[in-house]
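Remarks on the structure that follows.
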Amino acid sequence: MKRNQPLFLDEKQVRQHLRMADLVPAMEKALIDFSAGKVTQPVRSVIKVDPPGGFFGMMPALTSEGLGIKIVTFYATNAKRGIPTHMATIFLVDPETGTPLAAMDGRLITEMRTAAVSAVATKLLASPDAQILAILGSGVQARSHAEALRLVRNFEEIRVWSPTREHAERFAKEIGAKPMSTEEAVRDADVVVTATNSTTAVLEGSWLKPGCHINAVGACRPDWRELDDEAMQNVVFVDSREAAMKESGDVILSGAKIYAELGEVLASKVPSRTSETTIFKSLGMAVEDIAAAMLVYGSAAKKN
16 MKRNQPLFLD EKQVRQHLRM ADLVPAMEKA LIDFSAGKVT QPVRSVIKVD PPGGFFGMMP
76 ALTSEGLGIK IVTFYATNAK RGIPTHMATI FLVDPETGTP LAAMDGRLIT EMRTAAVSAV
136 ATKLLASPDA QILAILGSGV QARSHAEALR LVRNFEEIRV WSPTREHAER FAKEIGAKPM
196 STEEAVRDAD VVVTATNSTT AVLEGSWLKP GCHINAVGAC RPDWRELDDE AMQNVVFVDS
256 REAAMKESGD VILSGAKIYA ELGEVLASKV PSRTSETTIF KSLGMAVEDI AAAMLVYGSA
316 AKKN
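Quick note on numbering: the sequence shown equals residues 16 to 319 in the working numbering.
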């Protein structure tokens, strides 16, 4: 796709061109390509901005879909200001010439592609008969996961917990769920999502139903946790081994053994071990952002 002028797309425009149903298969391909060594992607480079305690991350990748970089910021204190904790911009260029193709808002893409990857993991690792979903957290990732996971499993019951009871009740009402304590939500759940800003464990392994599947989405720093050591003794899958060993406090501090990358299971290189208790530790990769951004760009370019 060659253009004289690059496209500039805000979040509203990105939303018009991105569908979760299209994103899930795109993430499957991105994960397979990454684990097959078809992607050039250095581990995310992060600058700490202290004060006020924010993070500025740079995520470049060259993929079969395209070439680009995502700049992402994470400021937990933004929650008190009523603005997003995560913000991002994605810049795409033509791999053949380096010509700028598009600059687009990446906040929504980050939100949606993260949930889409968890949907891929859930489709692959959760029981086909999964009926109860527990979501720990009530922010944008919690909402996006409620949408994405419903595409791959038919849940009869959804339970939610949030550190702030009012937030949990509001979120539960929005998606037709039940607000509960963490332990009540997790016990007997077939699929669990941890999407919190917590820096210490909120989920205990002793609560987990044997054979359940957990998508661990928060705790993206080497000294942050969402899951305790007992939980991390189960079968651990990651998006990237290299990133997990550098960025995931859940993996690093527990000394957990990584069984496989999702892309390896998708490519049938290793068994999925669906009958066992499985954990997908999600950190997010640039290859996912580029694949999602190329979906947006491809759709938007046709209309311009």
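We put the CB at the ideal spot given by N, CA and C, even for glycine.
Identity of the residue in the options nearest residue i by Cα
{"i": "V108", "options": "N319, G313, K317", "result": "G313"}
{"i": "F170", "options": "R180, R185, S196, K138", "result": "K138"}
{"i": "Q326", "options": "R185, S221, A315, T179", "result": "Lying outside 16 to 319, the shown extent of the chain, residue 326 is not represented and no answer is given."}
{"i": "A117", "options": "V250, V280, V29, R180", "result": "V29"}
{"i": "R256", "options": "T112, E181, Q56, E189", "result": "Q56"}
{"i": "V61", "options": "G152, S79, I86", "result": "I86"}
{"i": "P75", "options": "K318, D304, L310", "result": "D304"}
{"i": "A161", "options": "L22, K318, D243, A187", "result": "A187"}
{"i": "L268", "options": "A275, T214, H32", "result": "T214"}
{"i": "K95", "options": "D205, P67, P110, E111", "result": "P67"}
{"i": "Q3", "options": "E198, P110, T209", "result": "What is shown of the chain runs 16 to 319, which leaves residue 3 out entirely."}
{"i": "T197", "options": "S159, E219, T289, D205", "result": "E219"}
{"i": "E189", "options": "G97, R158, M195, P110", "result": "R158"}
{"i": "T289", "options": "P110, G191, D205", "result": "D205"}
Presumed contact (8 Å Cβ cut-off) between residue i and residue j, rounded CB distance
{"i": "G69", "j": "Y90", "result": "4 Å"}
{"i": "L298", "j": "L46", "result": "Not really, about 12 Å apart at Cβ, beyond 8 Å."}
{"i": "A231", "j": "E245", "result": "That belief does not hold up - the Cβ atoms of A231 and E245 are roughly 14 Å apart, past 8 Å."}
{"i": "R168", "j": "A145", "result": "5 Å"}
{"i": "V302", "j": "D48", "result": "7 Å"}
{"i": "M119", "j": "A308", "result": "6 Å"}
{"i": "A306", "j": "E80", "result": "5 Å"}
{"i": "V58", "j": "K261", "result": "6 Å"}
Close Cβ partners of residue i (< 8 Å) along its chain, the five nearest in sequence each way excluded
{"i": "M203", "result": "Just to set this straight, residue 203 is Asp in the shown sequence, not Met. Here the set comprises I147, K224."}
{"i": "S263", "result": "A234, C235, P237, V253, K296, L298"}
{"i": "D279", "result": "Looking at the sequence shown, residue 279 is not Asp but Glu. Excluding positions up to five away in sequence, the list reads S50, V285."}
{"i": "P110", "result": "L77, G81, L82"}
Straight-line Cα distance separating residue j from residue i
{"i": "K272", "j": "A134", "result": "23 Å"}
{"i": "S287", "j": "V64", "result": "39 Å"}
{"i": "D254", "j": "F295", "result": "8 Å"}
{"i": "V175", "j": "M102", "result": "25 Å"}
{"i": "A51", "j": "I105", "result": "24 Å"}
{"i": "K193", "j": "K44", "result": "34 Å"}
{"i": "E126", "j": "A216", "result": "22 Å"}
{"i": "G270", "j": "G154", "result": "29 Å"}
{"i": "G142", "j": "P115", "result": "Reading the sequence as shown, one finds Ser at residue 142 and not Gly. Between S142 and P115, the C-alpha separation is close to 44 Å."}
{"i": "R180", "j": "G226", "result": "29 Å"}
{"i": "S177", "j": "K27", "result": "28 Å"}
{"i": "V54", "j": "T88", "result": "23 Å"}
{"i": "I124", "j": "I173", "result": "24 Å"}
{"i": "K318", "j": "R185", "result": "37 Å"}
{"i": "P21", "j": "H32", "result": "16 Å"}
{"i": "T112", "j": "G83", "result": "13 Å"}
{"i": "M195", "j": "W239", "result": "24 Å"}
{"i": "G97", "j": "N19", "result": "38 Å"}
{"i": "R165", "j": "F71", "result": "32 Å"}
{"i": "G191", "j": "D243", "result": "29 Å"}
6 Å Cβ shell around residue i - same chain, five flanking residues per side excluded
{"i": "V207", "result": "A149, V201, I229"}
{"i": "E291", "result": "V250"}
{"i": "T293", "result": "L140, H228, V250"}
{"i": "L77", "result": "T55"}
{"i": "E199", "result": "none"}
{"i": "A275", "result": "F252, V285"}
Close Cβ partners of residue i (< 7 Å) along its chain, the five nearest in sequence each way excluded
{"i": "A131", "result": "M35, L38, V39, M42, A163"}
{"i": "N93", "result": "P99, T100"}
{"i": "A259", "result": "V253, V266, I273, K296, L298"}
{"i": "H182", "result": "S153"}
{"i": "T211", "result": "L151, G152, V217, G233, E241"}
{"i": "L24", "result": "A117, M119, D120, V311, A315"}
{"i": "A136", "result": "N230, F252, L277, F295"}
Any non-hydrogen atom of the ligand HEM within 7 Å of residue i CB
{"i": "K318", "result": "The ligand HEM is not among the ligands present in this structure, which contains no ligands whatsoever."}
CB contact check: residue i to chain C, cutoff 8 Å
{"i": "V266", "result": "Among the chains in the structure shown there is no chain C, since it carries only a single protein chain."}
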